[in-house]
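Enquirer: With the first letter of the sequence shown counted as 1, position 32 gets the number 32 in the UniProt record's numbering; the numbers rise by one all the way through. For each residue, glycine too, the CB sits at the ideal point set by N, CA and C.
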Amino acid sequence: MPHIFIQTATGRAVDLLDPRADMIDIEGDIAPALARIPRFNGHARGANGHAYSVAQHCCHGAELLREASPKIALAFLLHDAHEAYLGDLTRPAMEAIDLVGGRPSGARTALNRIKSWLDAAIFAAAGIDAQTARGRLVRDMDEAMLEFERRTFLGRSDIAWQANGGIPAPVDFTGAWPADEAEHHWMGLYRNLQLEIDVLTQSYLRRPS
1 MPHIFIQTAT GRAVDLLDPR ADMIDIEGDI APALARIPRF NGHARGANGH
51 AYSVAQHCCH GAELLREASP KIALAFLLHD AHEAYLGDLT RPAMEAIDLV
101 GGRPSGARTA LNRIKSWLDA AIFAAAGIDA QTARGRLVRD MDEAMLEFER
151 RTFLGRSDIA WQANGGIPAP VDFTGAWPAD EAEHHWMGLY RNLQLEIDVL
201 TQSYLRRPS
């Protein structure tokens, strides 16, 4: 299989067909990229004019899952991290690819495989199991966040759609973050969740047998 690389801001070459944990720089590449990738192709904008980023989406959902489990919260924080290397292809675009290519589309299947390879490398770099990101709590929160974002950012349309039965995530939203702020929030939450996981792990290991 040929090697197809994307070069990052830090100079790393990430092989999209064979990504490894040692190619991943969470602080130097993923956090800055997610903070500058807009949700909804840039159609989600705050009153301050800033685009609502993938990083902010991940932070809000992770905070809501934090009480349930810091590991699940971290999985949500990282569930779109592959977009730092692939970009954020919207659901309507994916649906169109399916229909034009014939459902199930070979293109969509291939893209999902590449995402899964990147997820495995990213989660290995973060020290957690990539399967956690595929759990129901993460999926349900993603749908609830989508419904919150639809109601918050997108104008009313003659064509109705809703993400998950109309139940939005209870986000305490104060506005779209500038890119530097989104990067700071995302990376700070990543570090704090890793610390919380370490504390819980040490507490478990110290339990009497």
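#1: Considering Cα atoms alone, identify which of His60, Pro38, His43, Phe5 is closest to Pro168.
#2: Taking 8 Å as the limit between beta carbons, can you name the residues of its chain near Asp88, skipping five residues before and five after?
#3: For Phe173, name the three-state secondary structure that DSSP assigns.
#4: When we look at the beta-carbon of residue 235 and count the other beta-carbons within 10 Å, is it buried (16 or more) or exposed?
#5: What is the DSSP secondary structure of Pro38, counted as helix, strand or coil?
#6: Kindly identify the DSSP beta-bridge partner or partners of Phe5.
#7: Pro70 to Gly127, Cα distance in whole Å?
#8: For Gly49, report the span of its alpha helix (DSSP H) as first-last.
Expert: Let's see:
#1: As a position in the sequence shown, residue 168 is number 168, starting the count at 1. Looking at the Cα atoms, His60 is the closest of the given residues.
#2: Taking the sequence shown and counting its residues from 1, the one referred to as residue 88 is at position 88. Closer than 8 Å at the Cβ level, and outside the excluded window around Asp88, lie Ile37, Pro38, Arg39, Asn41, Val54, Asp80.
#3: What you label residue 173 is simply residue 173 of the sequence shown in a count that begins at 1. Note: Phe173 maps to coil in three-state DSSP.
#4: What is shown of the chain runs 1 to 209, which leaves residue 235 out entirely.
#5: On the sequence shown, position 38 is the one that residue 38 refers to. Pro38: strand per DSSP, three-state reduction.
#6: Here residue 5 refers to the residue found at position 5 when the sequence shown is read from its first residue. Answer is Asp15, bridged to Phe5.
#7: Walking along the sequence shown from the start, residue 70 turns up at place 70. Walking along the sequence shown from the start, residue 127 turns up at place 127. When rounded, the distance between both Cα atoms is 13 Å.
#8: Within the sequence shown, the letter at position 49 stands for residue 49. Element bounds for Gly49: n/a, residue is neither H nor E.
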